[in-house]
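Worksheet: the structure to be examined is printed underneath.
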Amino acid sequence: MNVISPRSGTAFILRKGQKLKITDPEGEQVSDFICFNLNDTKEYLSSGRTIDYAETIFLTKGHPFYSNRSNIMFNILEDTVGRHDFLLTPCSADTFRIIYGDKNPHRGCFGNLCEALKPYGIEPDAIPICFNVFMNVAVNGESGKIDVLPPKSKAGDFIIIEAEMDLIVGMTACSAEMSNNYSFKPIGYSVIENHDPAI
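Pasting the structure below:
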């Protein structure tokens, strides 16, 4: 298993048909996940289209995830948690300045993704809303108010996705205090080939 250190990020290629297992090794740790079409990076994961077609904000096993061009980028095959977020933007230096009042803010998941995706030619303005794996966001149905709650993930919980096209993947171990119940931890991930027997 590959490990993303606390408050850092990575990027890699995931080929069509490959599976990706994202693991929370210690529990209550979010991973911001984004992907782009390897062959045309102007095609990217779309929160709006995915939520629209699924008719729910709580995406889990069985849901396809769509691009801005309404093509399926990946599907969730397994999910031991069942609660993730696809509403909120990656945390950034501005997040920590505006929400937390930090004077010398961390660059956050946005900054980590910018660095990780730069070798693939993806500029900061091209990074959209991420699928925030294990993030627990509650929405009040009457007022619309949102609350960021501790993740429901426990040590060893995971999701498995399968790529429906060749992807450039960006992932983080989230840097925001509130998202991770005020403790920064690593995130694990493993790429699984089609012929690998057991997951």
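Everything in the sequence shown is counted per our numbering, starting at 4 for the first residue and increasing by one.
C-beta: ideal position from N, C-alpha, C; glycine also.
Source: prediction; values computed, not measured.
| Query | Result |
| --- | --- |
| Mapping DSSP to helix, strand and coil, what is residue 180? | coil |
| By the 10 Å Cβ neighbour count, where 16 or more other Cβ atoms means buried, how is residue 111 classified, buried or exposed? | buried |
| Which whole-angstrom value is the C-beta distance of residue 140 and residue 90, which I expect to be below 8 Å? | 6 Å |
| For the stretch 101-162, list the alpha helix (DSSP H) runs that are entirely contained and at least 4 residues long, ordered along the chain. | 111-120 |
| Could you check how far apart the C-beta atoms of residue 131 and residue 116 are, in whole angstroms? I think they sit under 8 Å. | In fact, because the Cβ distance is near 10 Å, the residues do not count as touching under 8 Å. |
| In three-state DSSP terms, what is residue 53? | helix |
| On the CB-based measure, 16 or more other CB atoms within 10 Å of its CB, does residue 149 come out buried or exposed? | exposed |
| Select from 87, 70, 46 the residue whose C-alpha is nearest the C-alpha of residue 59. | 87 |
| Closest to residue 57 by C-alpha separation, out of 43, 32, 79, would be which residue? | 79 |
| Residue 10 to residue 174, Cα distance in whole Å? | 11 Å |
| Look up residue 39 in the DSSP assignment and say whether it is helix, strand or coil. | strand |
| Across which residues does DSSP place residue 194 in a beta bridge pair? | 23 |
| Measure the Cβ-Cβ separation of residue 194 and residue 22 and say whether it is below 9 Å. | yes |
| Restricting to Cα atoms, I'd like to know which of 71, 50, 61 is closest to residue 43. | 71 |
| Taking just the CA atoms, how far does residue 108 sit from residue 29? | 25 Å |
| Using the C-alpha atoms, what's the distance from residue 40 back to residue 192? | 20 Å |
| In the structure shown, what three-state DSSP assignment does residue 83 receive? | coil |
| Sorted by chain position, which residues of the same chain lie with C-beta nearer than 8 Å to residue 114's C-beta, five sequence neighbours on each side aside? | 95, 96 |
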